[in-house]
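Here the structure comes first, spelled out in structure tokens, and everything after it is commentary.
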Amino acid sequence: MTFPTWDSEGQKAINSLPTWGKMFASADQEIAFKLKLASVKASGWACGKTEQDCESEARRRLVEGG
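In terms of UniProt numbering, the sequence shown opens at residue 1 and continues consecutively.
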């Protein structure tokens with residue numbers, strides 16, 4: 001029977017944490033989505049549409065690159 005060492009458990013804990021790159025990428029994606037959603041709402045496209053419709057259009061535009 002082997003017991004876990006501090007090194008192995010510590011390394012597992014460190015590896016389970018998100019990296020700065022992942023955290024910033026996630027934040028960048030959220031900011032890009034919010035900006036695109038504001039653009040959709042300001043463009044007049046959103047007149048008479050639900051919030052869900054606007055979010056779907058914002059996602060579509062982000063994927064399309066427009």
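Every residue, glycine too, gets a C-beta built ideally from N, C-alpha and C.
Query                                                                               : Result
Interface flag, Glu64 vs chain D, CB-CB below 9 Å                                   : In summary, chain D is missing from the structure at hand, where a single protein chain is found.
9 Å Cβ cutoff met for Arg61 and Ser39                                               : yes
Separation of Ala27 from Ser16, as counted between CA atoms                         : 19 Å
Exposed unless 16 or more other CB atoms sit within 10 angstroms - verdict on Glu57 : buried
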